[in-house]
Amino acid sequence: MKNKIGTLNALYPLPTVLVGTVINGKPNYITMAHVGVLKANIVCMGMAKVHFSGHGIIENKTFSINVPSTKQTVVTDYCGVVSGKNTDKSELFTSFYGVMKTAPMIEEFAVNMECKLIDHLDYGSHDIFIGEIVNTFCDDSVLTDGQIDLKKIDPILFDMNTRKYWQLGDSYAKAWSIGKTHPKF
Ligand SMILES: Cc1cc2nc3c(=O)[nH]c(=O)nc-3n(C[C@H](O)[C@H](O)[C@H](O)COP(=O)(O)O)c2cc1C
Numbered sequence: 250m251k252n253k254i255g256t257l258n259a260l261y262p263l264p265t266v267l268v269g270t271v272i273n274g275k276p277n278y279i280t281m282a283h284v285g286v287l288k289a290n291i292v293c294m295g296m297a298k299v300h301f302s303g304h305g306i307i308e309n310k311t312f313s314i315n316v317p318s319t320k321q322t323v324v325t326d327y328c329g330v331v332s333g334k335n336t337d338k339s340e341l342f343t344s345f346y347g348v349m350k351t352a353p354m355i356e357e358f359a360v361n362m363e364c365k366l367i368d369h370l371d372y373g374s375h376d377i378f379i380g381e382i383v384n385t386f387c388d389d390s391v392l393t394d395g396q397i398d399l400k401k402i403d404p405i406l407f408d409m410n411t412r413k414y415w416q417l418g419d420s421y422a423k424a425w426s427i428g429k430t431h432p433k434f
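Per the numbering used here, residue 250 is the first one in the sequence shown, and the count goes up by one each step.
Right under this line is the structure:
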């Protein structure tokens with residue numbers, strides 16, 4: 250039997266990241282899971298206007314996306330329970346910068362992207378920020394044959410409905426390929 254369960258969003262899990270901004274001359278990091286891919290080099294995110302971080306993005310038109318591993322869950326969650334409005338999060342990490350001096354990235358996280366704001370939509374309680382990836386950085390430790398290896402990143406997956414973190418399983422098939430074994434192909 251199929252259950253009708255209202256308008257629950259069933260797209261989780263989503264990767265959890267820290268988005269970096271500069272506000273009042275200091276880095277600030279916010280935990281974000283509502284981050285999506287519009288096309289390969291274009292990302293979008295829905296950020297509640299009450300948060301501190303939006304001010305930095307609107308002012309500088311830049312932000313960074315930093316991908317933690319499950320080993321970094323405590324500090325990742327911490328950045329999602331305290332606000333830069335009253336807690337200084339700038340000293341939690343070693344920050345580094347790419348070409349844009351207002352998109353601080355986290356040295357301790359294996360994958361980092363510096364992004365340029367290209368669009369901003371007003372969604373009432375939320376800002377929708379659309380950004381273009383300007384540069385991506387990654388540690389040797391997460392590369393296999395020159396490619397980012399998801400297993401090595403060990404990203405934090407988040408389910409908003411249960412408010413729980415999950416861990417990645419194994420790859421089991423090749424995309425644009427396994428479908429060709431369908432009898433109708
Ligand atoms: C796992 C997790 C995911 C979150 N995802 C989002 C999100 O996608 N959008 C958002 O506006 N807030 C999100 N938050 C809430 C903010 O991270 C949190 O309110 C944070 O303290 C705001 O920091 P700031 O005021 O320094 O910007 C998330 C929090 C957690 C713990």
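Don't be surprised by glycine CBs; every beta carbon is placed ideally from N, CA and C. Keep in mind the model is a prediction, meaning the values are calculated, not measured.
Using only CA atoms, which one of the options lies nearest to residue i?
| i | options | result |
| --- | --- | --- |
| A359 | F342, V271, M349 and V348 | F342 |
| K275 | L399, K433 and E340 | E340 |
| L287 | T280, L263 and E381 | E381 |
Using a 10 Å radius around the Cβ and a threshold of 16 neighbouring Cβ atoms, would you call residue i buried or exposed?
| i | result |
| --- | --- |
| T256 | exposed |
| Y372 | exposed |
| D376 | buried |
| L405 | What sits at residue 405 in the sequence shown is Ile, not Leu. The residue in question, I405, is buried, as its Cβ has 16 or more Cβ neighbours within 10 Å. |
| V316 | buried |
| H300 | buried |
| Q321 | buried |
| T311 | buried |
Ordered along the chain, which non-local residues of its own chain (more than five positions away) have a Cβ less than 7 Å from that of residue i?
| i | result |
| --- | --- |
| V330 | none |
| V271 | G305, N309, T351 and P353 |
Can residue i and residue j be called in contact, C-beta distance under 8 Å?
| i | j | result |
| --- | --- | --- |
| V391 | E363 | no |
| S344 | D403 | no |
| L267 | I397 | no |
| M294 | F378 | yes |
Here's a check: name, in chain order, each residue in its chain whose Cβ is nearer than 8 Å to the Cβ of residue i, leaving out the five neighbours to either side.
| i | result |
| --- | --- |
| G418 | none |
Please return the same chain residues whose Cβ sits closer than 6 Å to the Cβ of residue i, not counting the five positions on each side in sequence.
| i | result |
| --- | --- |
| M409 | Y261 |
For this session: Could I get the ranges of all uninterrupted alpha helix (DSSP H) runs contained in the stretch 273-356, with 4 residues as the minimum, in chain order?
Result: 302-309 and 322-327
Problem set entry | In chain order, each alpha helix (DSSP H) run of at least 4 residues that lies wholly inside the stretch 379-409 | 399-402
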